[in-house]
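Asker: Before anything else, here's the structure in question.
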Amino acid sequence: MIIGLIGLPQVGKKTLFELITGHPAGEHDLAAGKTVLGSAEIADPRFDWLSQLYQPKKNVRARINVELIPNLIKGFGGNSQILASLNNAEALCHVVRAFDNQSVYHVSGSVDPKRDIAEINGELILNDLMFVEKRLERIDKDMKRNKEERLVKEKELLLKFKDWLDQSKPLRLYPFTPEERKNITNYQMITLKEMIVVLNVSEDAVKDQTLVTALEKEYQPIRIHFMQVSAQ
């Protein structure tokens, strides 16, 4: 499984990536806008118990591949490298800044987790909407030459997607039929992916669950999962 770490600049993505993978995120790659790859061991007490019980010659824990994706800023949809990384990921982990530190700038001028979550969600939905609209344009051109049943069905499905996305709803909530699910295997749409939000808080706020509880309740209808850490 591949998890894509995403977020605005200066939110702690690099720190969290290095923490869970033990892999240094090279400044040169980040400055060049390249995705950095690593993997994280899954800590599971059941694994330890079984290892002690059976005493195998070799212990190999399950791992999750992690991609540190370049900063998502407004209009990232024009960056083919970022889009390729987002499409490659099977789930997304959105790191959100929830700590105050005057020495670390915030791209929006202030710390507001709720605003930042809404901004990234909006950009992801907008990206999928642009994909759908471009695909519809292509289908309309193709149908002028040959009105195949396949194209008619695809257009009907894409129009449903457009209506869904216009309501600011991610496609992971869409009630797919088995046939529709089969027909979208080659679609590169980001909001089909599951989403985890990690609130990066200050160390003295780790035990305060007020913010994470409130956001989890608010975003539960669009199936976003929340947790918080102090990455630093």
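For the numbering used here, count along the sequence shown from 1 and bump the result up by 6. For glycine and all other residues, C-beta sits at the position ideal for the given N, C-alpha and C. Keep in mind it's a predicted model, so treat the numbers as computed, not measured.
1. GLN43 and GLU24 look like a contact to me (Cβ under 8 Å); what is the Cβ gap, rounded to whole Å?
2. Touch check for the stretch 220-233 and the stretch 185-203: three-plus C-beta pairs under 8 Å?
3. To which residues of the same chain is LYS40 closer than 8 Å at the C-beta, ignoring the five residues directly before and after it?
4. Would ILE131 pass as an interface residue toward chain C - the criterion being a Cβ-Cβ separation below 8 Å?
5. State buried or exposed for VAL212, treating a residue as buried only when at least 16 other CB atoms are found within 10 Å of its CB.
6. Is the CB-CB distance between LEU14 and ASP134 below 8 Å?
7. When the Cα of ASN107 is compared with those of TRP170, LYS63 and ASN206, which residue comes out closest?
8. Report yes if the C-beta distance between LEU164 and LEU132 is below 8 Å; otherwise report no.
9. For ILE12, which residues of its own chain have a beta-carbon under 6 Å away from its beta-carbon, when the five flanking residues on both sides are left out?
10. Mind checking GLY128: buried by the 16 CB within 10 Å criterion, or exposed?
11. Is the separation between the beta-carbon of ALA68 and that of ILE9 shorter than 8 Å?
12. So, at 7 Å on beta carbons, what are the nonlocal neighbours of THR27 in its own chain, with the 5 sequence-adjacent residues on each side left out?
13. The beta strand (DSSP E) with ARG229 in it runs from where to where?
Answerer: Looking at the coordinates:
1. According to the sequence shown, residue 43 is Leu rather than Gln. Actually they are not in contact, since the Cβ atoms of LEU43 and GLU24 sit about 13 Å apart, beyond 8 Å.
2. At 8 Å Cβ cutoff, the stretches touch.
3. Apart from the 5 residues on each side of it in sequence, LYS40 sits with its Cβ closer than 8 Å to the Cβ of PRO76 and GLN87 in its chain, given in chain order.
4. Among the protein chains of the structure shown there is no chain C, as only one such chain exists.
5. exposed
6. No, the pair does not count as a contact, with Cβ atoms beyond the cut-off.
7. Closest option to ASN107, Cα to Cα, is ASN206.
8. no
9. ILE75, LEU78, LEU98 and HIS100
10. exposed
11. no
12. The residues are GLY44, SER45, ALA46 and VAL72.
13. Here ARG229 belongs to no beta strand (DSSP E), and DSSP marks it neither H nor E.
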